[in-house]
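What follows is one structure encoded as structure tokens, with my remarks underneath.
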Amino acid sequence: MSPWSNWETETKDLILPNGGTPAGTSSPASSSSLLNRLQLDDDIDGETRDLFVVVDDPKKHVCTMETYITYRITTKSTRVEFDLPEYSVRRRYQDFDWLRSKLEESQPTHLIPPLPEKFVVKGVVDRFSEEFVETRRKALDKFLKRITDHPVLSFNEHFNIFLTAKDLNIYKKQGIALLTRMGESVKHVTGGYKLRTRPLEFAAIGDYLDTFALKLGTIDRIAQRIIKEEIEYLVELREYGPVYSTWSALEGELAEPLEGVSACIGNCSTALEELTDDMTEDFLPVLREYILYSDSMKSVLKKRDQVQAEYEAKLEAVALRKEDRPKVPADVEKCQDRMECFNADLKADMERWQNNKRQDFRQLLMGMADKNIQYYEKCLMAWESIIPLLQEKQEAKFPVTAVLS
Amino acid sequence: MEQATPDPERQLQPAPLEPLGRSDAGLGVTVDEEAERAREEGSGGDTMTHNNFWLKKIEISVSEAEKRTGRNAMNMQETYTAYLIETRSVEHTDGQSVLTDSLWRRYSEFELLRNYLLVYYPHIVVPPLPEKRAEFVWHKLSADNMDPDFVERRRIGLENFLLRIASHPILCRDKIFYLFLTQEGNWKETVNETGFQLKADSRLKALNATFRVKNPDKRFTDLKHYSDELQSVISHLLRVRARVADRLYGVYKVHGNYGRVFSEWSAIEKEMGDGLQSAGHHMDVYASSIDDILEDEEHYADQLKEYLFYAEALRAVCRKHELMQYDLEIAAQDLASKKQQCEELATGTVRTFSLKGMTTKLFGQETPEQREARIKVLEEQINEGEQQLKSKNLEGREFVKNAWADIERFKEQKNRDLKEALISYAVMQISMCKKLSGLHLVWTNSYLCFSAL
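Chains as they are written, first to last, in the working numbering: chain A, 1 to 405; chain B, 1 to 453.
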């Protein structure tokens, strides 16, 4: 079988398909360097970047009516659509939400990336805790980066305004209709037409998304349970370590070794806590994000079905009119146009989505594996460091009974 | 992973000393000298291997356990486990061992042996037996005495018990112990014939009874305190460890759920399929690795348990001292009171309350003859009392000396054994971390390689 299926093989024996070998020995560095190389390969596809967006610097704002967080959005671009080469604005979650709805409206044939969940149950999650804000920031950054990478969405006017406007509220209030031609067109597609046959490829996408979301949901539940079990394990560990300290206080020669073991267990506990935090902050959000993504993609597919249904219905209506070689009316042509554009856009977006999904999950799974490796390395170091302490020989004590008197 | 058992090579004199039929204060000077000699020869290492004045070395093993059914004392059917004890003598020259004795014993017989040793060697910290019933279990282990894992660990514990005795400079020479290893039939009767149950001080069994001792040896008071604390801390440690094991098991087993879902997911993917399949497989391997890990940890727990029970043995020696001191003080008190009575009678002053004094007041003075008679009786009693006090004092001092010698030996053994136990625990953790870290690395690399295809 493949040389890497036997886990005892040293990593330096692995040969990559392109002939390279991973650097270093079996240390965590080797897997991340391998990851980096693969990502580099993915990026090299001819596209030159002319737009860079970063979300950072969360700040809390306390007003009389409410308290909320804003994030700084920094944009750097050479595109003509931007008046200045660089922008820096502050936005809050509802601004992102506004952007997303506008994108859905104006670009209905495209897949719009998901936002992190809007509502959080108060009391369960602290909306202003560092961890929550950081998790959200990462998700919002991801959201904008995905739009930035999209050849159509990145040129959207609403997106431009979001990145550049000093005061977004003015634009929101004005409710400027900046719908594209397609957006306008799809907006008026009426539902109620029944689809005859869904083209195979779109049916396949639908089925895939159903199963995909289901599996991710299961993985999310398992991950949550693991975290719960790990926390309970941590609670016991935090009680276990100190008992060795208590024992150490009773002893003479054994005092140092026992104290060493106590400290060691303490270190392992801390390492575990870090691992569990990482899982909560990095792993779970991405799973949730892709589940939300799947949901929104399913809606887009439904819309596509509607467009096709309308077209087919209108076409049929024309065919039923007993005319000799009827000329296809303009509005039916428009429907066909609409449908074909939709299909093309959707197909292109699906392919893009699949690529990104592969990269994202690779990073996610490898990242988690890496974190686990780091956890074991930390524990390993802790235990290895006390071995010399445990083996230390103390001064031989003379037995008291040498004295017979 | 083996328990930290003492060196299995032992020396045993084929015709050992008779056990004590006399006082329970210890073997006296003889023992002390031999103990000292053994210690001198064994300094820097185990006492076991260097007792050169014995003729041959022996090896003891409890090699098998078997389920048996039989009828008990009340003629009722019962199931029990019997253990095979094999003794081998090792030829000095070529190291070859020859099976010399082999017999079956059940747990209750081991208990009988120990109870006998406790009575005849009250100044010795007698090695403990493995637990009668499984305690400190975490959920997976059965608390059932018939469970094969429990029986196996008990077998090891019983072997360790015998090895501890065989390596003890004094206990190894006991005849009853020798017969335990060599005489299958009638051994129980032989033990009972020593009459040790009669010699046993029932007060020692009353663990919680306190005796108001005015001048105990401070070292023993401190030591009793230490043994109580040690018992308490090791119990706590074992309880928490069991909970930790339980939780850790849970963490690993939930990871096992990943296997199936990753496999199902891989079925709908094109490029990611192989990588996900490999991830699922590795999750299964990870989940199943917990069983070995926890089994190894049980051995560590057993090592701690032995010292938990040793703490009790330590405490018993302290209690014995307390009792002896108590008896001594009572005897001294008694003697003092009799002396005073005598003095009062002689001088005619009544300071102490006595029934005779009361009746004298009520019914009139006694005659000089009567008084003389009473004084004589008291003088005899005082004489006897002084002799007794003298011997009790001597006994007490001997006991303290001999007991403390064994306690020092025990302390060294304890420190050695527990250090070893901690080291092997650390080594276990290290090996586990390396194994699991390696596992993650392998599946990481495998996943990435699949991605690169």
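Built from N, CA and C at the ideal position, the CB exists for glycine as well.
None of the values given here were measured: they were computed from a predicted structure.
- For Q77 of chain B, no alpha helix (DSSP H) encloses it; the enclosing beta strand (DSSP E) starts and ends at Q77 to V90.
- Taking the Cβ atoms as the reference, T78 of chain A lies roughly 7 Å from P85 of chain A, within the contact range of under 8 Å.
- Closest option to Q94 of chain A, judged by alpha-carbon separation, among A:E105, A:E104 and A:I69: A:I69.
- Chain A has no Cβ within less than 8 Å of the Cβ of L198 of chain B.
- With fewer than 16 other beta carbons inside 10 angstroms of its own, A267 of chain B counts as exposed.
- Collapsing the DSSP output to three states places H61 of chain A in a strand.
- What G259 of chain B touches in chain A, judged by beta-carbon distance under 7 Å, is nothing: the nearest beta carbon there is about 10 Å away.
- By the 16-neighbour rule on beta-carbons within 10 angstroms, Q413 of chain B is buried.
- For the C-beta of V243 of chain A, the chain B residues within less than 7 Å are, from N- to C-terminus, V233, H236, L237 and V240.
- Considering only B:K305, B:Q277 and B:N160, the residue with the shortest C-alpha distance to E135 of chain B is B:K305.
- Residue-level contact by beta carbon fails for H321 of chain B and chain A, as no gap is shorter than 8 Å.
- Against N192 of chain B, chain A offers no close residue; the least beta-carbon distance is about 33 Å (beta-carbon pairs closer than 8 Å).
- With contacts defined as CB atoms closer than 8 Å, E289 of chain A and P114 of chain A qualify as a contacting pair.
- In this structure, V244 of chain B lies near E236 of chain A, with their beta-carbon atoms less than 8 Å apart.
- Shown here, W98 of chain A sits in a helix according to DSSP, grouped into three states.
- Taken atom to atom, the span from the alpha-carbon of T221 of chain B to that of D334 of chain B is near 25 Å.
- Distance between A204 of chain A and L301 of chain A, taken at the CA atoms: about 11 Å.
- Using a CB distance below 7 Å, no part of the stretch 264-284 of chain A faces chain B.
- G348 of chain B sits in coil when the DSSP states are folded into three classes, being neither helix nor strand.
- Taking a 10 Å sphere around the C-beta of K57 of chain B, we find 16 or more other C-beta atoms and assign the residue as buried.
- Taking C-beta atoms under 8 Å as the contact rule, V62 of chain B and E159 of chain B qualify, at a distance of about 4 Å.
- In terms of beta-carbon proximity, M146 of chain B stays away from the interface with chain A, with every pair separated by 8 Å or more.
- Take D207 of chain A, set aside five residues on each side of it, and no residue of its chain has a beta-carbon closer than 6 Å to its own.
- For L380 of chain A, the nearest beta carbon of chain B is closer than 8 Å to its own beta carbon.
- Shown here, E131 of chain A sits in a helix according to DSSP, grouped into three states.
- If you ignore the 5 residues before and after R106 of chain B, its C-beta comes within less than 6 Å of the C-beta of Y80 and A82, all in its own chain and listed in chain order.
- Rounded to whole angstroms, the separation of the alpha carbons of K188 of chain B and E380 of chain B is 44 Å.
- Around the CB of N156 of chain A, 16 or more other CB atoms lie within 10 Å, so the residue is classed as buried.
- In this structure F110 of chain B is in contact with F161 of chain B, their Cβ atoms being roughly 7 Å apart against a cut-off of 8 Å.
- Exclusion of the five residues before and after V213 of chain B leaves E322, Q325, Y326 and E329 as the residues of its chain whose Cβ lies within less than 7 Å of its Cβ.
- Within the same chain, Cβ atoms closer than 7 Å to the Cβ of E131 of chain B are found at K305, the five residues on either side in sequence being excluded.
- Taking the beta carbon of R352 of chain A as reference, no residue of chain B falls within 8 Å; the closest one sits roughly 14 Å away.
- DSSP places W383 of chain A within a helical segment (H, G or I) once states are collapsed to three.
- By alpha-carbon distance to Q308 of chain A, the top candidate from A:E340, A:Y293 and A:E81 is A:E340.
- The C-beta distance from F159 of chain A to L153 of chain A rounds to 7 Å, short enough to meet the 8 Å contact threshold.
- Within a 10 Å sphere around the beta-carbon of R338 of chain A sit 16 or more other beta-carbons, which makes this residue buried.
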